[in-house]
Amino acid sequence: MSPFILAALFFSLGLGTTLTFASSHWLLAWMGLELNTMAILPLMAQSHHPRAIEATTKYFLTQATAAAMILFASTTNAWMLGEWNIQLTSHPLATTMVILALSLKVGLAPMHFWLPEVLQGLDLTTGLILSTWQKLAPFALILQLSTINPNLLVFLGLTSTLVGGWGGLNQTQTRKILAYSSIAHLGWMILILKFAPHLTLLALLLYIIMTSSVFLTLKLNNSMTINALATSWTKAPAISTIAPLTLLSLGGLPPLSGFMPKWLILQELTKQQLPLTATIAALSALLSLFFYLRVSYSMTLTMSPNTVSASTPWRLHNPQSTLLLSTSTALTLLLLPIVPTITSALPV
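Residue numbering for the sequence shown follows the UniProt record's numbering, starting at 1 and increasing by one per position.
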């Protein structure tokens, strides 16, 4: 793809998200979401592989459905109450529809079915954009609606944590595992949204850092399946040593950075007199941790079948830049000691 076209698409992605961030009117927010969707479609289909085209079509149909629901819900609110302002959306039908539409946009369970299939058909770079940047604009809108229908948000959050944990257990494709990981993390964010929005933003920030680290590691190794990860030890020993720690951080294991949002969210749920919700969320995190351990085991403790008599395969110099990978990995592993600083900066 031409660098000029690529620059225009990335500019449109940024513009769409910024437009949604800055809008207080439903039509302007809808335009930002549509701009975002239209900008990523050419990036998804650029390889011309049948799987990529299929994934692009599925993504387009899903996002178009969600956009139509948002437009219908906002029009219903304006018809009933004469109000287009996002924060003044209060009609029960309109609020329920718009929360479900935004959940469909980001891939929350039970509207998650498109996400693993779409992510499976994409290359790792586009998959990274889809898993991180594309979540920001819908989340900005969900954040503004968090006080309206808290029971629905808690239901979506719990369902997502459970589906994200169960769904990833029997997967062999790394992109599908990351898709279910995304669903589970989104569930944690939505679960605490009503009670502590600042923790949702902290969890979203750390999720983006950790997911970027994992995607960039897989891209460096060019590993699409768990079996292919077994060859990464001989190709990149240093990366293969650090990658399991990154995956365990994504699973929320102390003393890594990923433990921080889970710890703070469980603490807040307990403070809000929701011990059952906190218990279900914690147990679902164990399910996710199991499939991260599977991937870690494949990377570090298994060797690929090797019929060649030579002891060491060729290690060719990899031309990819590793600055972003090293930065995101360092943040993924080392942020837990600054929890007191973060908690003191957060509102009580």
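All C-beta atoms, glycine included, are put in the ideal place defined by N, C-alpha and C. Every value quoted in this text rests on a predicted model; they were computed, and no experiment measured them.
Rounded to whole angstroms, the separation of the alpha carbons of SER257 and GLY168 is 22 Å. The DSSP-derived three-state label of ASN222 is coil. Fewer than three Cβ pairs drawn from the stretch 196 to 208 and the stretch 114 to 123 lie within less than 8 Å of each other, which leaves the two stretches out of contact.
Around the CB of PRO340, fewer than 16 other CB atoms lie within 10 Å, so the residue is classed as exposed. For MET69, the enclosing alpha helix (DSSP H) begins and ends at 50 to 81. In the DSSP assignment, ASN85 forms a beta bridge with HIS25. Boundaries for PHE113: no alpha helix (DSSP H) harbours it, and the DSSP string shows neither H nor E there.
By the criterion of a C-beta distance shorter than 7 Å, THR270 is surrounded in its chain by ALA278, once the five residues flanking it on both sides are discounted. In terms of CA proximity to MET31, ALA66 leads the group SER288, ALA66 and THR76. Residue state for GLN171 is assigned as coil, using DSSP reduced to three classes.
Secondary structure at ALA109: coil, using DSSP grouped into helix, strand and coil.
Three or more Cβ pairs closer than 8 Å define a contact, and the stretch 228 to 238 falls short of that threshold against the stretch 175 to 186. Nearest Cα to LEU287 within the set GLN144, THR161, GLY14 and TRP133: THR161. Nearest to GLN171 by C-alpha distance, out of PHE155, ASN227 and SER146, is ASN227. Proximity of the stretch 33 to 45 to the stretch 7 to 24 meets the contact definition, three or more beta-carbon pairs being nearer than 8 Å. Taking C-beta atoms as the reference points, LEU104 and THR62 count as a pair closer than 8 Å. Inter-residue distance for THR76 and LEU93 is about 8 Å (C-alpha atoms, whole angstroms).
Shown here for TRP84: same chain residues with a beta carbon closer than 8 Å to its own, the five before and five after excluded, namely HIS25, TRP26, LEU27, SER74, ASN77 and ALA78 in chain order. Shown here for GLY251: same chain residues with a beta carbon closer than 8 Å to its own, the five before and five after excluded, namely GLY258, ALA285, SER288, LEU289, TYR292 and LEU293 in chain order. When Cβ pairs closer than 8 Å are counted between the two stretches, the stretch 95 to 102 is seen not to touch the stretch 42 to 52, the count staying below three. Distance from the Cα of ILE342 is smallest, within the candidate group THR20, ILE70, THR332 and MET260, for MET260. Selection LEU229, SER23, ILE265 and SER90 evaluated against GLY157 yields ILE265 as nearest (Cα-Cα). Each residue's CA atom was taken as its position, placing ALA140 and THR302 some 42 Å apart. A Cβ-Cβ distance of about 6 Å is found for the pair ILE242 and THR329, placing them in contact under the 8 Å criterion.
The three-state reading of DSSP puts ALA203 in helix, counting H, G and I together.
Per DSSP, reduced to three states, the secondary structure at ASN149 is coil, with no helix or strand assignment. LEU81 and LEU323 have their C-alpha atoms spaced approximately 51 Å apart. In the same chain as LEU334, and ignoring 5 residues on each side of it, the C-beta atoms closer than 8 Å to its own belong to SER257, in chain order. For LEU247, the uninterrupted alpha helix (DSSP H) segment begins and ends at 237 to 251. TRP133 and SER249 have their C-alpha atoms some 20 Å from each other.
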